[in-house]
Amino acid sequence: MSKMESMGKKKRPRRSFTPEFRTEIVEYCQCGDRSIGQVAKDFDLTETAVRDWVRQAEVDAGVRDGLTSSDLKELAALRRENRRLREDIDILKRASLLQEDRAQLARERHRRTAPIHLQSAA
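In terms of our numbering, the sequence shown has 672 at position 122, counting the first letter as 1, and numbering is strictly consecutive.
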């Protein structure tokens, strides 16, 4: 039995929410009628998720310092591209080493099969 199960809490499956729903939740929190914790409880959300949404909305609005949503998307895309390019470089390095090994084997095979008078000239 895991620690979470023994405490009586079960791990919640990961859920995804539309941008419109997140915006609506942030608006509820910012209107000041209810706390972030209360809004989270009312909509069966984790308080951490709602706090993150509010914080990101504040960054996007310029109220708080940080990376905006569009900056985060661009950063993620650049990191994916960087990872893919590193993988491509690794593949090319391996192919180059393999080609070099094959060329070395061919040279050795040629030396073994070449007539003796040609080997002494080399």
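Beta carbons are placed, not taken as given, at the ideal position from N, Cα and C, and that holds for glycine.
Proximity winner among the options, relative to residue i (alpha-carbon distances)
i	options	result
Ser-572	Gly-587, Arg-564, Gln-588, Gln-606	The sequence given here has Arg at residue 572, not Ser. Selected option, being the one with the closest Cα: Gln-606.
Residue environment, residue i, which counts as buried when at least 16 other CB atoms sit within 10 Å
i	result
Val-613	exposed
Ile-514	Residue 514 lies beyond the residue range present for the chain, which begins at 551 and ends at 672; the question has no answer from this structure.
Leu-595	buried
Ile-639	exposed
Beta-carbon gap between residue i and residue j smaller than 8 Å
i	j	result
Thr-618	Val-609	yes
Arg-601	Ile-586	yes
For residue i, the first and last residue of its enclosing alpha helix (DSSP H)
i	result
Gly-587	586 to 592
Ser-571	At residue 571 the sequence reads Phe, which differs from the Ser that was named. 569 to 580 is the extent of the alpha helix (DSSP H) around Phe-571.
Asp-638	619 to 663
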